[in-house]
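Asker: Count the sequence shown with the numbering used here and you get residues 48 to 219, in order.
Here it is, the structure, as structure tokens.
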Amino acid sequence: MKAFFAQIDWIRNTFFFVFYFFLVAIIFLSVIQPALDSFRQTNAQYRKEIYVQKQIQAQRDTELKNLQDYQEQNAQTLGYFKHKITQNEIEEKLKIVFENSGVVADGSPIQEGKYFKQRYIISGKLENISKLKDALILTQTLPGVARFNFPIHIEREKDNIIFSFRLDAYFN
48 MKAFFAQIDW
58 IRNTFFFVFY
68 FFLVAIIFLS
78 VIQPALDSFR
88 QTNAQYRKEI
98 YVQKQIQAQR
108 DTELKNLQDY
118 QEQNAQTLGY
128 FKHKITQNEI
138 EEKLKIVFEN
148 SGVVADGSPI
158 QEGKYFKQRY
168 IISGKLENIS
178 KLKDALILTQ
188 TLPGVARFNF
198 PIHIEREKDN
208 IIFSFRLDAY
218 FN
């Protein structure tokens, strides 16, 4: 009889093993598998975001380094923007070359990007055209950033040359 009961124990143990195996498999597939898939997708998106964030940070750092290098290389030129060229400075410089000159501010300063631009109209009389070249070179030596605005108007009046040109002065 013991052999018979031993055989029943073996069958019962096998049945419970198979039952619990499939029970664990069904619980895994119904509860844990969806949570695991959700975790995988979230983790993949997170890793993509981290990768993109690192790429953006690397580009930002590169651009900041380029900006610093540019500012170091062009510190003197960028410093010129801090000085505002005034009408009196232009008149004082041009008195050396011209017999009769006038400097007039053309409107109020206009913002152009990060900087302001003041346009001046410069006119006067010269003896010859080489003096005009000297005047243009002289205005380039102003302590700031200035740009000629062409065309330069030139007229002849007896022995003198009457000229007029525009000068844009940039400042912070």
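Ideal Cβ placement from N, Cα and C applies to all residues, glycine included.
1. Would you tell me roughly how many angstroms separate the C-alpha atoms of residue 149 and residue 123, rounded to the nearest one?
2. Using the C-alpha atoms, what's the distance from residue 197 back to residue 205?
3. Using the Cβ count rule (16 or more neighbours within 10 Å means buried), how would you classify residue 188?
4. Roughly how many angstroms separate the alpha carbons of residue 55 and residue 84, rounded to a whole number?
5. Do the CB positions of residue 164 and residue 217 come within less than 7 Å of each other?
6. Give the single residue among 208, 219 and 73 whose Cα lies nearest to the Cα of residue 147.
7. Considering only the beta carbon of each residue, do residue 210 and residue 183 sit closer than 7 Å?
8. Which value, in whole angstroms, describes the spacing of the CA atoms of residue 166 and residue 176?
9. Among residues of its own chain, excluding the 5 on either side of residue 193, which ones have a beta-carbon nearer than 8 Å to its beta-carbon?
10. According to DSSP, simplified to helix, strand and coil, what is residue 214?
11. Which of the three DSSP states, helix, strand or coil, is assigned to residue 198?
Answerer: By the coordinates alone:
1. 30 Å
2. 25 Å
3. exposed
4. 41 Å
5. yes
6. 208
7. no
8. 24 Å
9. 132, 186, 187, 214, 215, 216 and 217
10. strand
11. strand
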